[in-house]
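Asks: Taken in order, the sequence shown gives residues 402 to 635; the numbers are from the numbering used here. Beta carbons: idealized from backbone N, C-alpha and C, even for Gly.
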Amino acid sequence: KLCEGILNVLEKDTKTSCQVACLEALRILSRDKKVLVPVTTKRNMQILMKLAKLDTVEDPLERVSEFPVIVEALKCLCNIIFNSSVAQKLSLELNLAAMLCNLLQKCKDRQLVDDIKCFDLRLLFLLSLLHTDIRAQLRQELQGVQVLTQALESSLSVRWTEEYKAAEDRDRPPLSLQETDCAIEALKALFNVTLDSWNVHSKNESHQFRYMAAILRHCLLTTGPTEEKTEELH
402 KLCEGILNVL EKDTKTSCQV ACLEALRILS RDKKVLVPVT TKRNMQILMK LAKLDTVEDP
462 LERVSEFPVI VEALKCLCNI IFNSSVAQKL SLELNLAAML CNLLQKCKDR QLVDDIKCFD
522 LRLLFLLSLL HTDIRAQLRQ ELQGVQVLTQ ALESSLSVRW TEEYKAAEDR DRPPLSLQET
582 DCAIEALKAL FNVTLDSWNV HSKNESHQFR YMAAILRHCL LTTGPTEEKT EELH
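Structure (structure tokens):
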């Protein structure tokens, strides 16, 4: 009942600070699978998707004040989808993967969106891990390999000297913690999406995988903020 009450408040047009507080509470509660059973409904998923700006295709990410709400809503969705098979099935019905890819594109070339990008990628990783149909949808319909590779390229700040050769800068400073986390989440999602891609059929796929291979090579030459993070990245 507490979760239902929180979601009823979130459905209303409340202040940002109230939304963040409610989402933080829901995120903690959503770690308990028993709590999730009565609240994992299509309506409740749509409430969280709206707060995460996953229901608007055209609207850009402009209001920085809303960013904490978006991040917390994405965190809640991560917990709910990880812990609920019902939520995993609803994700396909609600076309969540397509909306996440769209939000990821909105993050491109934007400042202050690293947290949004990171949890968007984490949710794509979870969906592609837990639902084979969504994995196939990402690969075949949503250009998931291209979208995720571009997210990885952006996180690593890759510069190109040739078509499939990234610039090597040995004096480059380590990645920040946020950049490293985004890169790690993109790599995890890419692994899932390309898991069944041993047979490349088209010229475009061939280009995409050569492009990704160059970025992966660059990734191996990149360091994170700590030795542990560098190891996790590699």
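On the criterion of 16 or more Cβ atoms from any shown chain inside 10 Å, does residue 637 qualify as buried, or is it exposed?
Replies: It is not possible to answer for residue 637, since the shown part of the chain is limited to 402 through 635.
Asks: If we ignore side chains and look at the alpha-carbon of each, how far apart do residue 623 and residue 584 end up?
Replies: Between residue 623 and residue 584, the C-alpha separation is close to 11 Å.
Asks: On the DSSP letters alone, give me the boundaries of the alpha helix (DSSP H) that residue 533 sits inside.
Replies: Its alpha helix (DSSP H) spans residues 533-541.
Asks: Is the distance from the Cβ of residue 535 to the Cβ of residue 471 below 7 Å?
Replies: Their beta carbons are not under 7 Å apart, which means residue 535 does not touch residue 471 by this criterion.
Asks: First and last residue of the beta strand (DSSP E) that includes residue 563?
Replies: Element bounds for residue 563: 561-563.
Asks: Three or more C-beta pairs under 8 Å: does that hold for the region 549-559 against the region 485-499?
Replies: No, the region 549-559 does not touch the region 485-499.
Asks: Our contact map puts residue 530 next to residue 594 with C-beta atoms below 8 Å; I'd like the distance itself, whole angstroms only.
Replies: The pair is not a contact, with the Cβ atoms about 10 Å apart (cut-off 8 Å).
Asks: Tell me which residue opens and which closes the alpha helix (DSSP H) that residue 496 is part of.
Replies: From DSSP, residue 496 is part of no alpha helix (DSSP H); its letter is neither H nor E.
Asks: How close, in whole Å, do the beta carbons of residue 424 and residue 474 come, if the pair is a contact with beta carbons under 8 Å?
Replies: Indeed they touch by this definition, with Cβ atoms about 6 Å apart.
Asks: Would DSSP call residue 567 helix, strand or coil?
Replies: Reduced to three states, the DSSP call for residue 567 is strand.
Asks: If you check the beta carbons only, do residue 434 and residue 484 fall under 7 Å apart?
Replies: Against a cut-off of 7 Å, the Cβ pair of residue 484 and residue 434 comes out as a contact.
Asks: Cβ atoms of residue 501 and residue 478: under 7 Å apart, would you say?
Replies: Not a contact, by the Cβ cut-off of 7 Å.
Asks: Following the continuous alpha helix (DSSP H) through residue 463, name the residue where it begins and the one where it ends.
Replies: First-last for residue 463: undefined, no H or E at that position.
Asks: With residue 545 as the anchor, note down where its alpha helix (DSSP H) starts and where it stops.
Replies: Per DSSP, residue 545 belongs to the alpha helix (DSSP H) from 545-557.
Asks: Would a C-beta distance cut-off of 7 Å place residue 522 and residue 587 closer than the cut-off?
Replies: Yes, Cβ-Cβ distance for residue 522 and residue 587 is below 7 Å.
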